[in-house]
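Numbering (the working numbering), first residue to last: 273 to 374.
Here you go:
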């Protein structure tokens, strides 16, 4: 959203954002979900608003980017009780707002 100042831009987001995970060793999504406490395969709806006042005689804007909580984990081989890999899971946590004026 953009506009010429002086103006207050208000951006309301309601988006479905997928959680995700990566791992350097083979492990199922259900095991990761159990370990981190949320489903790493679900999509969550996030709703939030942000505002930015564009200064007089300037052109400006506001953009929303998804924000995630990051959970790191180790993959352990239960047969040898040894770490065989690492990974991270991302859970949607809202939005980060980028603003600009020139």
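Positions of the beta carbon are idealized from the N, C-alpha and C atoms, including for glycine.
- Of 345, 316, 290 and 306, the smallest CA-CA separation from residue 358 is found for 345.
- CA-CA distance, residue 353 to residue 311, rounds to 25 Å.
- In this chain, the beta strand (DSSP E) harbouring residue 356 covers 354-373.
- Beta-bridge analysis with DSSP links residue 338 to 367.
- The three-state secondary structure of residue 297, taken from DSSP, is coil.
- Within the DSSP secondary-structure output, residue 347 pairs in a beta bridge with 357.
- Residue nearest to residue 299 within the set 356, 365, 374 and 363 is 356 (criterion: CA-CA distance).
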